[in-house]
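Heads up, the thing below is written out as structure tokens.
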Amino acid sequence: MKVPFLDLTLSHQPLRAEILAAWASTLDGNRFCLGRDVEEFEKAFGAACGTTDSVGLDNGTTALQLAAQALGLGPGDDIVVPAFTFIASAWTATYIGARPVFADIDPAHFCVTAATIRAALTPQTKAIVVVHLFGQPAPMDEILALAAERGLKVIEDCAQAHLARYRDRPVGLMGDAGTFSFYPTKNLGGCGEGGALVSRHAEVLKRVRILRVHGSERRYYHDFVGGNFRMEGLQAAVLNIKLRHLSGWTARRRSIAARYRAGLKLAELAVPQVPEWGEAVFHQFTVTHPRRDALREHLAKAEIATDLIYPMPLHLQPCYASLGYRPGSMPQAERICATCVSLPIFPELTEEQVDHVIASVNSF
Ligand SMILES: *Cc1c(COP(=O)(O)O)cnc(C)c1O
Numbered sequence: 045m046k047v048p049f050l051d052l053t054l055s056h057q058p059l060r061a062e063i064l065a066a067w068a069s070t071l072d073g074n075r076f077c078l079g080r081d082v083e084e085f086e087k088a089f090g091a092a093c094g095t096t097d098s099v100g101l102d103n104g105t106t107a108l109q110l111a112a113q114a115l116g117l118g119p120g121d122d123i124v125v126p127a128f129t130f131i132a133s134a135w136t137a138t139y140i141g142a143r144p145v146f147a148d149i150d151p152a153h154f155c156v157t158a159a160t161i162r163a164a165l166t167p168q169t170k171a172i173v174v175v176h177l178f179g180q181p182a183p184m185d186e187i188l189a190l191a192a193e194r195g196l197k198v199i200e201d202c203a204q205a206h207l208a209r210y211r212d213r214p215v216g217l218m219g220d221a222g223t224f225s226f227y228p229t230k231n232l233g234g235c236g237e238g239g240a241l242v243s244r245h246a247e248v249l250k251r252v253r254i255l256r257v258h259g260s261e262r263r264y265y266h267d268f269v270g271g272n273f274r275m276e277g278l279q280a281a282v283l284n285i286k287l288r289h290l291s292g293w294t295a296r297r298r299s300i301a302a303r304y305r306a307g308l309k310l311a312e313l314a315v316p317q318v319p320e321w322g323e324a325v326f327h328q329f330t331v332t333h334p335r336r337d338a339l340r341e342h343l344a345k346a347e348i349a350t351d352l353i354y355p356m357p358l359h360l361q362p363c364y365a366s367l368g369y370r371p372g373s374m375p376q377a378e379r380i381c382a383t384c385v386s387l388p389i390f391p392e393l394t395e396e397q398v399d400h401v402i403a404s405v406n407s408f
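If you want it as structure tokens, here you go:
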């Protein structure tokens with residue numbers, strides 16, 4: 045039985061006619077850059093995040109950069125970033141001339157903790173990028189307490205965590221700004237690029253809105269150095285449709301994860317823990333095994349596609365060689381990179397496919 049890692053066709057096919065009709069309307073209305081579709085999406089996505097508004101952007105990487113800019117961070121500042129995440133989390137610092145300082149992660153949930161952040165603090169540290177990795181909320185109470193103690197800004201990278209909650213609080217609104225990606229493979233994805241930012245500070249939302257249109261509030265007058273970071277109308281049109289399905293898709297991801305957690309029984313296999321504080325949304329279902337490569341080969345023979353997310357921690361990436369980190373400096377992140385493998389988890393997987401994955405892992 046073939047099990048793909050992800051098949052976007054399966055989620056788009058039932059919505060195809062509706063998406064094409066929405067695109068026809070956007071086309072006929074010439075609503076290409078911002079416009080009514082984007083405004084509608086910003087309100088609806090804000091509501092889904094537990095607030096009233098969001099700012100639509102061209103992608104999630106931009107959302108991180110603008111969060112840092114809107115919070116007044118810049119050259120001379122250090123920003124704590126997890127060593128185990130997607131590279132864009134670190135661009136948050138690099139793009140604005142700040143320095144990323146890496147924090148190790150807790151292998152139980154793959155996120156940073158107050159203790160790992162504390163170990164990374166420098167006198168110049170001004171902010172933390174907290175990544176709710178794989179859709180698992182980080183331990184926010186202790187992180188927010190540390191941030192308050194040290195006067196640090198908190199940016200929540202929610203690119204993999206749409207609709208996740210921490211002790212009944214939605215992700216993105218606990219820190220100073222929350223950023224989302226709508227890259228096609230994310231839990232909510234467009235048919236192209238997209239991103240959004242939410243914040244409990246009206247000032248931050250206002251500043252990001254200005255930055256995304258060349259730092260201009262009044263046409264051709266530029267109070268800030270901004271850029272072109274607008275969300276496209278055609279992306280908002282499809283996101284408006286897909287957003288209505290997000291909670292159903294999320295429930296399905298959770299039920300697949302529960303089935304995996306109940307069924308996977310293999311010596312030395314570590315299955316993701318679900319800490320009591322978090323309502324995870326399982327963007328990935330990532331397990332670890334000391335013989336990861338052999339396990340992947342075994343699954344490939346059973347026609348099960350897996351992925352390696354992520355094979356290399358950020359502190360050892362060649363682009364950050366000048367920061368001077370050495371192997372061994374982030375032992376947990378390094379061990380996870382060497383032993384992790386992500387299993388297929390997307391809403392359209394059938395029970396038979398999930399059972400085939402479980403049986404194949406268990407027979408390794
Ligand atoms: C996808 C992702 C981003 C970047 O989003 P893009 O829309 O691809 O720019 C940032 N952080 C994390 C953790 C991501 O997974």
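Numbering follows the working numbering, with no gaps: position 190 of the sequence shown is 234.
Here a beta-carbon is modelled for each residue, glycine too, at the ideal position from N, C-alpha and C.
(message) For Ile389 and Ser291, what's the separation of their Cα atoms in angstroms?
(response) 15 Å
(request) For Phe89, name the three-state secondary structure that DSSP assigns. (result) helix
(request) Taking 8 Å as the cut-off, decide whether the C-beta atoms of Val282 and Gly234 are in contact. (result) yes
(request) Give a yes or no on contact between the segment 163 to 172 and the segment 60 to 80, applying the rule of three or more CB pairs nearer than 8 Å. (result) no
(message) Please report the straight-line C-alpha distance between Ala137 and Gln109, rounded to a whole angstrom.
(response) 7 Å
(message) Can you tell me where the beta strand (DSSP E) holding Thr383 begins and where it ends?
(response) Element bounds for Thr383: not the beta strand (DSSP E) but the alpha helix (DSSP H), 375 to 383.
(request) May I ask whether a heavy atom of ligand 1 can be found less than 7 Å away from the beta carbon of Asn272? (result) no
(request) Measure the Cβ-Cβ separation of Phe128 and Tyr354 and say whether it is below 8 Å. (result) yes
(message) Going by beta-carbon coordinates alone, are Phe329 and Leu387 separated by less than 8 Å?
(response) yes
(request) Name the residue from Thr294, Cys155, Asp121, Ile199 whose alpha carbon lies nearest to the alpha carbon of His327. (result) Thr294
(request) Measure the alpha-carbon distance for Ala205 versus Ala302 and round it to whole angstroms. (result) 17 Å
(message) Considering just the uninterrupted stretch of the alpha helix (DSSP H) at Leu196, what are its terminal residues?
(response) Taken as a continuous stretch (DSSP letters only), Leu196 belongs to no alpha helix (DSSP H), as it is neither H nor E.
(message) Looking at the secondary structure, which residues open and close the alpha helix (DSSP H) in which Gly307 lies?
(response) 290 to 307
(request) Kindly say whether Leu308, judged by its beta-carbon, lies nearer than 8 Å to any beta-carbon of chain C. (result) The structure shown has no chain C; it contains just one protein chain.
(message) Suppose contacts are defined by Cβ-Cβ distances below 8 Å. Is Leu207 in contact with Arg244 by that definition?
(response) no
(message) Among Thr332, His266, Ile300, Gly90, whose alpha-carbon lies nearest the alpha-carbon of Val325?
(response) Ile300
(message) If I measure Cβ to Cβ from Val401 and keep anything under 7 Å in the same chain, skipping five residues before and after, which residues do I get?
(response) Val47, Ile348, Leu387, Pro388
(message) Nearer than 7 Å: is that true of the beta carbon of Gly104 relative to any heavy atom of ligand 1?
(response) yes
(request) Compute the minimum distance between the beta carbon of Val252 and the heavy atoms of ligand 1, and state whether it is under 7 Å. (result) no
(message) Less than 8 Å between the beta carbons of Ala111 and Ala221, yes or no?
(response) yes
(request) Would you mind working out which of Asp351, Phe85, Pro371 sits nearest Pro357, comparing C-alpha positions? (result) Pro371
(message) Below 8 Å on the Cβ atoms is my contact criterion, and I expect Val248 with Leu115 to pass it. Report the Cβ-Cβ distance as a whole number of Å.
(response) 7 Å
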